[in-house]
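Colleague: I have a structure I would like to understand better, so I am pasting it below and will then ask my questions one at a time.
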Amino acid sequence: MSLLQLPSELILHIVDFLYAERDINALVQGNRHLYDLLNPSLYRHNVQHRQSSALTWAAAKGQLPTLEKLFDEGAQIITTLPVCPEEKNDLPSKQPTIRRDHDSQIPDHPIVHAALHGHATIVEALLLRGAHPDWTDRRSQTLLMIAANKGHVAVVRVLLQHGADPTRPDVLNATPITIAALRGHTAVVEALIEHLEQHHTTVMPDTQNQAIVYAALSGHTTLVRFLLDRGIPVNTSGRVNSHTPLFYAVRRGDEALIRLLLERGANPLYIPSEGSKSPLVFAVGYCGNEIVSLLLEQCADLGTEGIKAMHAAVIRNNAWLVERLIVRGVDPASKDEHLHRPLISWAADLGCLNIVRLFLEKGADAKACDPGGLMPVDYASKRGYTALVQLLENYVSMKP
């Protein structure tokens, strides 16, 4: 007698003695009758003997029917956040500390896989079953961060509708909006801003400021334009010790983004915090003359930043830029702000013959001494720059 001739009750009883899921699956695929008869047994076996592992597969693949069948057979999901005792944490968050063992072999919650792969329908189904909207993965990233990182705006909206906290930071103090901005996901940033405007008005300005800084940091011009159109200050620096969007655009050498920011009023001389460099000074030190020229066009009065810029130009031996700065009103007899050495001494020490000649022609003193009493010729002589020594000695002999 073949298996198919056995009564259904007996076949079901036989299946109860099969331990391997693959064996049950092989029977299920035998024909339509066996599929209809044994498919529920396959799901039940997974629930009872495999800790409902198929939930993760269904969530990752976006298979809602599979998910529902597993729940029909008794599958359960974790509905509360596992928390550990409060630990020292300097982050600005009142949320419980979530313990995650990075070496753990326990798989992530199914909703993590659904959020990662952009399956909004699955995410909502799991939330309706009690999954926590602020669940974190084994790397301590919330569901919102995971979805924001991938640009899954539909998932982001579902999570927000179910109470996910968009202000909650990870261990690096990143938030969903800074992650989305870093990736250039404009639609996600827009969804988060809309939610923050309605429900988190106190943190809204700071959050938007951070978003534009991160967008500029990664060179996402479209997103930067979107945020500027919303009225975000162009010279914001986001957080303490951060830089402005223009600084990051300059650091990237992104001329299109630089032009956009300058058109919107970005200040090339702005320094957000003590010890920082202005976009202009950074550009002089690390960028080409084209970008420096763009920035200089927007500077009415260079002030002390002009001296810093000239110092950087000397270090790069950029005579063209030194001359441009002198034309813009920077004194060729200036001294650097830290060692108070005349810039002509810096040029002599570095062997910048053309710059030394330019300084002398524009009125710099060949006898100018640094705080240690050394003149430019002393530096040139120490370095063995014969032509420089001769040039400086000629100027020294000409002046009393």
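If you want this note's numbering, it's the position in the sequence shown, counting the first as 1, plus 5. All C-beta atoms in this analysis are idealised placements derived from N, C-alpha and C, irrespective of residue type, glycine included.
Using only the alpha-carbon positions, how far apart do cysteine 292 and proline 174 sit?
Modeller: Locating residue 292 in the sequence shown gives position 287, where the first residue counts as 1. Locating residue 174 in the sequence shown gives position 169, where the first residue counts as 1. Distance between the alpha carbons of cysteine 292 and proline 174: 34 angstroms.
Colleague: Just to confirm my understanding: we take lysine 367, look at its own chain, exclude 5 residues before and 5 after, and list those with CB closer than 7 angstroms. What are they?
Modeller: As a first step, residue 367 must be located in the sequence shown, where it is residue number 362. Contacts found: Ile331, Pro337.
Colleague: For valine 52, which residues in the same chain have their Cβ closer than 7 angstroms to its Cβ, ignoring the five residues on either side in sequence?
Modeller: Locating residue 52 in the sequence shown gives position 47, counting from the first residue. Contacts found: Leu75, Glu78, Gly79, Ala80.
Colleague: Quick one: using the 10 Å Cβ neighbour count with 16 as the cut-off for buried, is serine 278 buried or exposed?
Modeller: Along the sequence shown, read from residue 1 onward, the residue named residue 278 stands at position 273. Classification of serine 278: exposed, given that the 10 Å Cβ count is below 16.
Colleague: Shortest alpha-carbon distance to arginine 362 belongs to which of Ala385, Arg49, Glu342, Pro376?
Modeller: The residue you call residue 362 lines up with position 357 of the sequence shown. Selected option, being the one with the closest Cα: Ala385.
Colleague: By the DSSP assignment, the alpha helix (DSSP H) with tyrosine 384 in it spans what residues?
Modeller: The count along the sequence shown starts at 1 and reaches residue 384 at position 379. Run containing tyrosine 384: 381-388, per the alpha helix (DSSP H) assignment.
Colleague: Restricting to Cα atoms, I'd like to know which of Glu260, Asp234, Thr227, Ala220 is closest to glycine 243.
Modeller: In the sequence shown, the residue the question calls residue 243 occupies position 238. Considering only alpha carbons, the answer is Ala220.
Colleague: Rounded to the nearest angstrom, what separates alanine 317 and valine 327 at their Cα positions?
Modeller: Within the sequence shown, the letter at position 312 stands for residue 317. Within the sequence shown, the letter at position 322 stands for residue 327. Spanning the two alpha carbons is a distance of roughly 9 angstroms.
Colleague: Please list the segments of the alpha helix (DSSP H) lying wholly inside the region 243-293, counting only runs of 4 or more residues, in order along the chain.
Modeller: Whole alpha helix (DSSP H) segments, 4+ residues: 250-257, 260-268, 284-291.
Colleague: Along the alpha helix (DSSP H) that carries isoleucine 129, what are the first and last residues, could you check?
Modeller: As a position in the sequence shown, residue 129 is number 124, starting the count at 1. Looking at the sequence shown, residue 129 is not isoleucine but glutamate. Unbroken alpha helix (DSSP H) run through glutamate 129: 125-133.
Colleague: Please work out which residues of its chain come closer than 7 angstroms, Cβ to Cβ, to glutamate 310, disregarding the five sequence neighbours upstream and downstream, and give them in chain order.
Modeller: One-based indexing of the sequence shown puts residue 310 at position 305. Cβ within range, chain order: Leu274, Ser283, Leu285, Val286.
Colleague: Say whether chain D places a C-beta atom closer than 8 angstroms to the C-beta of aspartate 170.
Modeller: Considering every chain present, this structure includes no chain D. It has just one protein chain.
Colleague: Comparing C-alpha positions only, which one of Gln203, Leu164, Ala152 sits nearest to histidine 190?
Modeller: Looking up residue 190 in the sequence shown gives position 185. That would be Ala152, whose Cα lies nearest to the Cα of histidine 190.
Colleague: With 16 as the cutoff for other CB atoms within 10 Å, does arginine 55 come out buried or exposed?
Modeller: Numbered from 1 along the sequence shown, position 50 holds the residue referred to as residue 55. Looking at its Cβ environment, which holds fewer than 16 other Cβ atoms inside 10 Å, arginine 55 is exposed.
Colleague: How do the region 199-208 and the region 229-239 stand: do at least 3 beta-carbon pairs fall below 8 angstroms, yes or no?
Modeller: Too few Cβ pairs lie closer than 8 angstroms, so no.
Colleague: State the Cα-Cα distance for the pair serine 109 and threonine 84, rounded to the nearest angstrom.
Modeller: As a first step, residue 109 is located in the sequence shown; it is residue number 104 there, counting from the start. As a first step, residue 84 is located in the sequence shown; it is residue number 79 there, counting from the start. Note that serine 109 has pLDDT 43, beneath the 50 cutoff, so the model's placement of it is unreliable and the number below is only indicative. Their Cα atoms are separated by approximately 19 angstroms.
Colleague: Suppose you measure from the CA of lysine 387 to the CA of isoleucine 312; what does that come to, to the nearest Å?
Modeller: Your numbering for residue 387 matches position 382 in the sequence shown. Your numbering for residue 312 matches position 307 in the sequence shown. Cα-Cα distance, rounded: 26 angstroms.
Colleague: Do you know whose CA, among Gly258, Arg333, Leu265, lies nearest glutamate 295's CA?
Modeller: For the purposes of this step, residue 295 is taken as residue 290 along the sequence shown, with counting starting at 1. Nearest C-alpha to glutamate 295: Gly258.
Colleague: Who pairs with lysine 340 in a beta bridge, going by DSSP?
Modeller: Counted from its first residue, the sequence shown places residue 340 at position 335. Looking at the DSSP assignment, lysine 340 forms a beta bridge with Pro347.
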